[in-house]
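Colleague: Letter by letter, the sequence shown follows residues 16 to 142 of our numbering.
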Amino acid sequence: MQVPRGAFSCELMILRKEYGFEAAHFIYNHPGKCRNLHGHSYKLFVCLEGKVNPETGMIIDFDDLSKVVIEQVIKRLDHHFLNDLIPLSTAENISVWIWEQLKPELPELCQIEVFETTDNCVIYRGA
Ligand SMILES: [Zn+2]
């Protein structure tokens, strides 16, 4: 079969993959109920921006992305106490921590979205 080579190459695109983790935390300086120990089912969206490789037709293989995200982030946060890693574990600070774990291995990382609940989300695009 004739494969059209390069037909869709070099296009700049954003790829996004969704992950989830369950974790406990408390916000020690919060004036309300968030100062009490509680948990969330967090959602994490990881976005990479890059050119489509003309050979693979991909920016990155989703499986290769997941190897990094699961190893560097999900395994370390899922069913853990967030305050041990991120003392003031707001969604904002969790976003920065996740970015710092991923960026060295995923230079195309352009945005992460951390959902603490279905309607509360922080979007971070790096410093
Ligand atoms: Zn919370």
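No residue lacks a Cβ here, since even glycine has one placed at the ideal position from N, Cα and C. All values derive from a computational prediction rather than experimental measurement.
1) Could you have a look at lysine 118 and say whether DSSP puts it in helix, strand or coil?
2) Go ahead and label serine 104 buried or exposed: buried means 16 or more other beta carbons lie within 10 angstroms of its beta carbon, across all protein chains shown.
3) Are leucine 92 and phenylalanine 36 close, meaning C-beta to C-beta below 8 angstroms?
4) Which first and last residues belong to the beta strand (DSSP E) in which valine 137 is found?
5) Would the C-beta of histidine 95 count as close to ligand 1, meaning under 7 angstroms from any of its heavy atoms?
6) Buried or exposed for isoleucine 29, going by 16 or more other Cβ atoms inside 10 Å?
7) Taking C-beta to C-beta, are isoleucine 74 and valine 84 nearer than 8 angstroms?
8) Output yes or no for whether 8 angstroms exceeds the beta carbon distance between leucine 59 and isoleucine 101.
9) Under 7 angstroms: does the beta carbon of cysteine 49 sit that close to some heavy atom of ligand 3?
10) So what does DSSP say about serine 104, is it helix, strand or coil?
11) What does the Cβ neighbour count give for tyrosine 34, buried or exposed, with the cut at 16 atoms within 10 Å?
Modeller: According to the data block:
1) The sequence position of residue 118 within the sequence shown is 103, counting from 1. Note: lysine 118 maps to coil in three-state DSSP.
2) In the sequence shown, residue 104 corresponds to position 89, counting from 1. Buried: at least 16 other Cβ atoms inside 10 Å.
3) Locating residue 92 in the sequence shown gives position 77, counting from the first residue. Locating residue 36 in the sequence shown gives position 21, counting from the first residue. Going by C-beta atoms, leucine 92 is nearer than 8 angstroms to phenylalanine 36.
4) Along the sequence shown, read from residue 1 onward, the residue named residue 137 stands at position 122. Run containing valine 137: 135-139, per the beta strand (DSSP E) assignment.
5) Position 80 of the sequence shown, counted from the start, is the residue given in the question as residue 95. No, since every heavy atom of ligand 1 falls outside the 7 angstroms radius drawn around the Cβ of histidine 95.
6) The sequence position of residue 29 within the sequence shown is 14, counting from 1. Isoleucine 29 should be labelled exposed.
7) Start at 1 with the first residue of the sequence shown, and residue 74 comes out as number 59. Start at 1 with the first residue of the sequence shown, and residue 84 comes out as number 69. No; because the gap between Cβ atoms is not below 8 angstroms, this pair is not in contact.
8) The residue labelled residue 59 in the question sits at position 44 within the sequence shown. The residue labelled residue 101 in the question sits at position 86 within the sequence shown. Not closer than 8 angstroms, so no.
9) Ligands in the displayed structure: ligand 1; ligand 3 is not one of them.
10) Start at 1 with the first residue of the sequence shown, and residue 104 comes out as number 89. Secondary structure of serine 104 (DSSP, three-state): coil.
11) Locating residue 34 in the sequence shown gives position 19, counting from the first residue. So tyrosine 34 counts as buried.
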